[in-house]
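Here's the structure we're looking at; comments come further down.
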Amino acid sequence: MRRLRTAVVGLTVAALASALAVPALAADTGGSPRPVVRTADGGVRGTAADGHENFRGIPYAEPPVGPLRWAQPRRARSWSGVRDASRPGNDCPQSAGFLGDKPSTTEDCLYLNVTRPARHTGRPLPVLFFVHGGGFYSGSAALYGADRLATRGDVIVVTTNYRLGVFGFLDHPALGAQAGNYGLADQQAALRWVQRNATTFGGDPRNVTLFGESAGSVSTCAQLSSPAAAGLFQRAVMDSGPCAVTDEWPYQDGGNWYPRPRATAEQEGAAAATALHCTDPARTLSCLRGKSTADLLTVSGGGQGFGPAYGGGGLLPRSPREALTTGRFNRVPVLHGTTRDEHRTFVAAIEAFTGGTPVTEAGYRDEVTGILGADIAPKVLARYPVDRYGSPSEALAAVWTDRAWSCPALTTDRLFDRYVPTRAFEFADEDAPWGTDAGTPSFPTGAFHAAELQYLFEDAQFPGPATAAQRALSDEMIGYWTRFARTGDPNGAAAPTWPRFAGSTVQALAPGRDGTRPVDLAAEHQCRFWQSVES
Numbered sequence: 188m189r190r191l192r193t194a195v196v197g198l199t200v201a202a203l204a205s206a207l208a209v210p211a212l213a214a215d216t217g218g219s220p221r222p223v224v225r226t227a228d229g230g231v232r233g234t235a236a237d238g239h240e241n242f243r244g245i246p247y248a249e250p251p252v253g254p255l256r257w258a259q260p261r262r263a264r265s266w267s268g269v270r271d272a273s274r275p276g277n278d279c280p281q282s283a284g285f286l287g288d289k290p291s292t293t294e295d296c297l298y299l300n301v302t303r304p305a306r307h308t309g310r311p312l313p314v315l316f317f318v319h320g321g322g323f324y325s326g327s328a329a330l331y332g333a334d335r336l337a338t339r340g341d342v343i344v345v346t347t348n349y350r351l352g353v354f355g356f357l358d359h360p361a362l363g364a365q366a367g368n369y370g371l372a373d374q375q376a377a378l379r380w381v382q383r384n385a386t387t388f389g390g391d392p393r394n395v396t397l398f399g400e401s402a403g404s405v406s407t408c409a410q411l412s413s414p415a416a417a418g419l420f421q422r423a424v425m426d427s428g429p430c431a432v433t434d435e436w437p438y439q440d441g442g443n444w445y446p447r448p449r450a451t452a453e454q455e456g457a458a459a460a461t462a463l464h465c466t467d468p469a470r471t472l473s474c475l476r477g478k479s480t481a482d483l484l485t486v487s488g489g490g491q492g493f494g495p496a497y498g499g500g501g502l503l504p505r506s507p508r509e510a511l512t513t514g515r516f517n518r519v520p521v522l523h524g525t526t527r528d529e530h531r532t533f534v535a536a537i538e539a540f541t542g543g544t545p546v547t548e549a550g551y552r553d554e555v556t557g558i559l560g561a562d563i564a565p566k567v568l569a570r571y572p573v574d575r576y577g578s579p580s581e582a583l584a585a586v587w588t589d590r591a592w593s594c595p596a597l598t599t600d601r602l603f604d605r606y607v608p609t610r611a612f613e614f615a616d617e618d619a620p621w622g623t624d625a626g627t628p629s630f631p632t633g634a635f636h637a638a639e640l641q642y643l644f645e646d647a648q649f650p651g652p653a654t655a656a657q658r659a660l661s662d663e664m665i666g667y668w669t670r671f672a673r674t675g676d677p678n679g680a681a682a683p684t685w686p687r688f689a690g691s692t693v694q695a696l697a698p699g700r701d702g703t704r705p706v707d708l709a710a711e712h713q714c715r716f717w718q719s720v721e722s
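This is the structure in structure tokens:
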């Protein structure tokens, strides 16, 4: 059960000539015009509808197969003619996900998608570069439709795949000094693709906002910490993946998806090689590269601990927490936050993976005691009594939301605020629509982990805002996010004022009159209590 619960925890090159920004038009078989853009690698023909244009399945790196499995990404080969870009590329290898992610066994997966407004005659547009979540073992760019985000915000949106699980984050001495962060290297390769091609799509390569949610937020924290990412983006947005976590948070028994020390990553890599019967030091790499995708997926799931690795040289020389604490990070304005009920998603996943069985009061006590230990657990159980919540499931979610999400987010906000302009938020719609294919939990899901994404994207896993007030909140959030991408300041357009972060006050984002307002994150999530019991 511990492994199960751990598994579900673990979400500049010169611009091209401006003339190329004007798309050529070619007729598809139905007679409607389809936009063509000449990228630095070759032409791509996208699709157009309802005021936006999409270019999907554009390769930014060679397929990471054969000798390129567990190697730095290599720039995609150029092609002649015009490539069809009407459909997304393959998802990277993964098992089926809790929220409806489809399984994939195809390693030829390093593709990205571009969405832009169909008509634009002004200055080059800001670029929002989105990194998907999924605990570093599931997810894909194709899940996130950006039509409204691009058209309403007048921005270009790029979504990208990157190698996941054992394929993207295996660390083993046989793999050399750059091991452990191939997925992060893929993201940097895609950001370099943006530098080469933004102008061609009408975008500004000098105004790129790196934006990630869950594991995508952890990725963004890592890219802020990576010297190799310097200059590839000018702003950063992080949803639900605080930078200021330690190796031990949120769980002490391994397998979480926050960055790991190099020594831990190598131990986990050695365990994976042993499980795959690749133990001969002279043949480890050839043995691993000889394994099938299906075999590798057996050690690639959410409980195996495959996420970024830091230390010992390479792409991530120090942890994001250390980078923020010491100020040694790529200093850009940041917009950072969480959802009010983050962990309800993961408690719902526990129910789903145990046949719909709700958490019992005894199970709640056992979980808290097993993770926090006999000294701290009684204080926590007294502070979070079941009778204060609707069910043991909600009490358990409150404990982990406060300890593992909201309070580390507050620490993150304070560290950022020492060095860069910082805006902090909490998505707080208690009636946010639940996942389309995730099953109905036994408790209200509230403002759950990943709930906010459907207010920004046409998210394939969620139905989207259901009421007029929720749709208005969606418009408000798109305005905030895209104004921040344009200028570094989310304010404007008669939206409620969003001040810079100070103390413990953040901007709550919720529907209805006075739904968007300042809240005290420390008081709401009992952060002083957690500091007192764990200091």
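Just so we're aligned: 656 in our numbering is position 469 of the sequence shown, and the numbers increase by one with no gaps anywhere.
Here a beta-carbon is modelled for each residue, glycine too, at the ideal position from N, C-alpha and C.
Here the structure is a predicted model, which means the values were calculated and not measured.
message = For arginine 339 and glycine 284, I'd like the C-alpha separation in whole angstroms.
response = Translated into positions along the sequence shown, residue 339 becomes position 152. Translated into positions along the sequence shown, residue 284 becomes position 97. Their Cα atoms are separated by approximately 31 Å.
task = Could you spell out where the beta strand (DSSP E) holding threonine 692 opens and where it closes?
result = What you label residue 692 is simply residue 505 of the sequence shown in a count that begins at 1. Start and end: 692-696.
inquiry  = Which residue marks the beginning of the alpha helix (DSSP H) containing aspartate 482, and which one marks its end?
reply    = In the sequence shown, the residue the question calls residue 482 occupies position 295. Unbroken alpha helix (DSSP H) run through aspartate 482: 480-484.
ask   = Taking the alpha carbon of leucine 640 as the point to measure from, which residue in Thr526, Arg225, Ala431 has its own alpha carbon closest?
value = One-based indexing of the sequence shown puts residue 640 at position 453. Of the candidates Thr526, Arg225, Ala431, the one whose C-alpha sits nearest the C-alpha of leucine 640 is Thr526.
ask   = Out of curiosity, what's the CA-to-CA distance linking alanine 569 and tryptophan 592?
value = Working through the sequence shown from its first residue, we reach residue 569 at position 382. Working through the sequence shown from its first residue, we reach residue 592 at position 405. Near 20 Å, if we compare the C-alpha coordinates of tryptophan 592 and alanine 569.
Residue environment, alanine 462, which counts as buried when at least 16 other CB atoms sit within 10 Å = As a first step, residue 462 must be located in the sequence shown, where it is residue number 275. Counting Cβ neighbours within 10 Å, alanine 462 comes out exposed, since fewer than 16 surround it.
ask   = Going by DSSP, what residues sit across from glutamine 281 in a beta bridge?
value = In the sequence shown, counting from the first residue as 1, residue 281 sits at position 94. Partner(s): Ser291.
task = Can you tell me which of the three DSSP states asparagine 241 falls into?
result = As a working mapping, residue 241 is identified with position 54 in the sequence shown. The answer is strand: DSSP assigns asparagine 241 an E or B state.
request  = Per DSSP, which residues does glutamate 645 bridge with? Please list them.
outcome  = Here residue 645 refers to the residue found at position 458 when the sequence shown is read from its first residue. Its beta-bridge partners are Gly332.
task = Could you have a look at threonine 461 and say whether DSSP puts it in helix, strand or coil?
result = Position 274 of the sequence shown holds residue 461. Threonine 461: helix per DSSP, three-state reduction.
message = If I measure Cβ to Cβ from proline 275 and keep anything under 8 Å in the same chain, skipping five residues before and after, which residues do I get?
response = Along the sequence shown, one-based indexing puts residue 275 at 88. Hits under 8 Å: Arg243, Gly244, Tyr298, Asn300, Ser327, Ala328, Ala329.
message = Rounding to the nearest angstrom, what Cα-Cα distance links threonine 480 and alanine 460 in this structure?
response = By one-based count along the sequence shown, residue 480 stands at place 293. By one-based count along the sequence shown, residue 460 stands at place 273. When rounded, the distance between both Cα atoms is 14 Å.
message = Quick check on the burial criterion: 16 or more other C-beta atoms within 10 angstroms. Buried or exposed for tryptophan 266?
response = As a working note, residue 266 is residue 79 in the sequence shown. Tryptophan 266 comes out exposed.
key: Among Phe398, Gly352, Ser719, Val252, the one whose alpha carbon lies nearest that of alanine 333   = Here residue 333 refers to the residue found at position 146 when the sequence shown is read from its first residue. Considering only alpha carbons, the answer is Phe398.
Environment of histidine 464 [buried if 16+ CB atoms lie within 10 Å] = Counting from one through the sequence shown, the residue named residue 464 turns up at place 277. Looking at its Cβ environment, which holds fewer than 16 other Cβ atoms inside 10 Å, histidine 464 is exposed.
task = Could you say which of Ala634, Ala364, Tyr369 lies nearest to cysteine 279 if we only look at CA atoms?
result = Stepping through the sequence shown from its first residue, residue 279 is reached at position 92. Among Ala634, Ala364, Tyr369, the Cα nearest to that of cysteine 279 is on Tyr369.
ask   = Exposed or buried, which one is threonine 684 when buried takes at least 16 other CB atoms within 10 Å?
value = For the purposes of this step, residue 684 is taken as the residue at position 497 of the sequence shown. Threonine 684 comes out exposed.
key: N- and C-terminal bounds of the alpha helix (DSSP H) containing asparagine 394   = For this step, residue 394 is matched to residue 207 along the sequence shown. Where asparagine 394 is concerned, there is no enclosing alpha helix (DSSP H), although the beta strand (DSSP E) it sits in stretches over 390-400.
CA-to-CA distance, glycine 622 to leucine 286, given in whole angstroms = Sequence index remark: in the sequence shown, residue 286 carries index 99 (1-based). Sequence index remark: in the sequence shown, residue 622 carries index 435 (1-based). Roughly 6 Å between the two C-alpha positions.
task = For glycine 626, I'd like the list of residues in its chain whose CB is within less than 6 Å of its CB, leaving aside the five on either flank, ordered along the chain.
result = Position 439 of the sequence shown, counting from 1, holds the residue named residue 626. The answer, listed in chain order, is Ala539.
inquiry  = Using 8 Å as the cut-off, can you tell me whether the segment 581-599 makes contact with the segment 414-432, which would need three or more C-beta pairs spanning the two stretches below that distance?
reply    = yes
query = Distance, Cα to Cα, proline 342 vs threonine 234?
reply = Indexing the sequence shown from 1 puts residue 342 at position 155. Indexing the sequence shown from 1 puts residue 234 at position 47. Reading off the sequence shown, one finds valine at residue 342, where the question assumed proline. Whole-angstrom Cα-Cα distance: 17 Å.
task = Output the boundary residues of the alpha helix (DSSP H) element that contains threonine 471.
result = Position 284 of the sequence shown, counted from the first residue, corresponds to residue 471. Threonine 471 -> alpha helix (DSSP H) spans 471-476.
key: Per DSSP, cross-strand counterpart(s) of leucine 315   = Residue mapping note: residue 315 aligns to position 128 of the sequence shown, counting from 1. The partner list for leucine 315 (beta bridge, DSSP) reads Val344, Thr396.
ask   = Which whole-angstrom value describes the C-beta separation of proline 507 and serine 412, a residue pair presumed to lie in contact below a C-beta threshold of 8 Å?
value = Here the question's residue 507 lines up with position 320 in the sequence shown. Here the question's residue 412 lines up with position 225 in the sequence shown. 5 Å between Cβ atoms; contact.
Same chain, Cβ closer than 6 Å to glycine 352, neighbours up to 5 away in sequence not counted = For this step, residue 352 is matched to residue 165 along the sequence shown. Excluding sequence neighbours, glycine 352 sits near Tyr324, Ser487, Phe493.
inquiry  = Considering only their Cβ atoms, is the gap separating glycine 690 from tyrosine 606 smaller than 8 Å?
reply    = Position 419 of the sequence shown, counted from the first residue, corresponds to residue 606. Position 503 of the sequence shown, counted from the first residue, corresponds to residue 690. Cβ atoms of tyrosine 606 and glycine 690: not closer than 8 Å.
task = Ignore the nearest five residues each way along the sequence and tell me which others in arginine 715's own chain have a CB closer than 8 Å to its CB.
result = Locating residue 715 in the sequence shown gives position 528, counting from the first residue. Ala709.
query = Would the beta-carbon of alanine 742 fall within 8 Å of that of tyrosine 667?
reply = Look at the range of the chain in this structure, 188 to 722, and you will see that residue 742 is not part of it.
inquiry  = For alanine 496, tell me which candidate among Val405, Pro565, Ala263, Ala697 has the shortest Cα-Cα distance.
reply    = Walking along the sequence shown from the start, residue 496 turns up at place 309. Checking every option, the nearest Cα to that of alanine 496 belongs to Val405.
key: chain B within 8 Å of asparagine 368, Cβ atoms only   = The structure shown contains no chain B; it holds only a single protein chain.
task = Report back the beta-carbon spacing between glycine 524 and alanine 452 to the nearest angstrom; my notes put them in contact at under 8 Å.
result = For the purposes of this step, residue 524 is taken as residue 337 along the sequence shown, with counting starting at 1. For the purposes of this step, residue 452 is taken as residue 265 along the sequence shown, with counting starting at 1. Rounded, the Cβ-Cβ distance is 28 Å, inconsistent with contact.
query = What distance in whole Å lies between the Cβ atoms of threonine 692 and proline 705, which are believed to be in contact at a cut-off of 8 Å?
reply = Counted from its first residue, the sequence shown places residue 705 at position 518. Counted from its first residue, the sequence shown places residue 692 at position 505. Indeed they touch by this definition, with Cβ atoms about 5 Å apart.
ask   = Thinking just about the alpha-carbon of each residue, which of His712, Val318, Arg518, Gln365 is nearest to the one in leucine 378?
value = Walking along the sequence shown from the start, residue 378 turns up at place 191. For leucine 378, the nearest C-alpha among the options comes from Val318.
task = Return the chain-ordered list of same chain residues with a C-beta closer than 6 Å to the C-beta of aspartate 589, the five sequence neighbours on each side being excluded.
result = Looking up residue 589 in the sequence shown gives position 402. The answer, listed in chain order, is His712, Gln713.
query = Heavy atom of the ligand MN less than 7 Å from the Cβ of glutamate 581, yes or no?
reply = As presented, the structure is devoid of all ligands, the ligand MN included, so that no description of it is given.
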